[in-house]
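Q: Got a structure for you, written out below as structure tokens; questions coming shortly.
What follows is the structure, given as structure tokens:
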């Protein structure tokens with residue numbers, strides 16, 4: 001990915017429909033330098049690191065946990081200190097967002113359990129819905 005695109009990745013993702021966002025983040029898996037002593041394109045990684053909290057806010061729980069969080073953790077081990085520092089600043093917000101999404105799911109599950117318990121017509125289906 002060119003540095004020019006890296007500067008605007010958050011704005012680009014914000015313009016895409018939610019279902020299309022995750023597919024555009026495949027480059028994150030290949031962003032970390034292969035050799036720990038090789039700084040590679042560290043400026044691009046820094047630009048991405050600066051935007052990761054904003055990108056996290058655009059993703060659903062699955063994309064955040066499966067794609068963005070692993071990339072974030074890899075950037076926390078970057079050979080360039082500026083990238084590690086910027087990433088460390090973003091990590092707390094991302095973990096908080098993931099915890100919030102999980103809490104929302106827990107609340108939805110509780111509401112569903114309550115609705116199922118009070119409905120005799122949905123009771124036979126409840127075991128399948130609460131997996």
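Residue numbers (the working numbering): 1 to 131. Ideal placement from N, C-alpha and C gives every residue a C-beta, glycine not left out.
So, using beta-carbon positions, are residue 54 and residue 22 closer together than 8 Å?
A: No, they are not a contact pair.
Q: Whole angstroms are fine: how far does the CA of residue 86 sit from the CA of residue 75?
A: 9 Å
Q: Do residue 52 and residue 90 have their C-beta atoms within less than 8 Å of each other?
A: yes
Q: Any chance you could list the alpha helix (DSSP H) runs of at least 4 consecutive residues sitting entirely within the stretch 55–94, in chain order?
A: For the stretch 55–94, whole alpha helix (DSSP H) runs of length 4 or above, ordered along the chain, are 69–75.
Q: Report buried or exposed for residue 49, applying the criterion of at least 16 other Cβ atoms within 10 angstroms of its Cβ.
A: buried
Q: Closest by CA to residue 25, which one among 41, 56, 42, 33?
A: Comparing Cα-Cα distances from residue 25 to each of 41, 56, 42, 33, the minimum goes to 56.
Q: With DSSP as the reference, label residue 40 as helix, strand or coil.
A: coil
Q: Which value, in whole angstroms, describes the spacing of the CA atoms of residue 80 and residue 73?
A: Going by C-alpha positions, residue 80 is about 14 Å away from residue 73.
Q: What is the DSSP secondary structure of residue 127, counted as helix, strand or coil?
A: Legend: pLDDT at residue 127 = 47, less than 50; position of this residue unreliable, no value from coordinates given.
Q: Taking all protein chains shown into account, do 16 or more other C-beta atoms lie within 10 angstroms of the C-beta of residue 102, making it buried, or fewer, making it exposed?
A: exposed
Q: Could you check how far apart the C-beta atoms of residue 45 and residue 66 are, in whole angstroms? I think they sit under 8 Å.
A: Between residue 66 and residue 45 the Cβ distance is about 20 Å, and since that is not below 8 Å, they are no contact.
Q: Just to confirm, is the Cβ distance from residue 58 to residue 11 under 8 Å?
A: Cβ distance not < 8 Å, so residue 58 and residue 11 don't count as in contact.
Q: Helix, strand or coil for residue 52, going by three-state DSSP, please let me know.
A: helix
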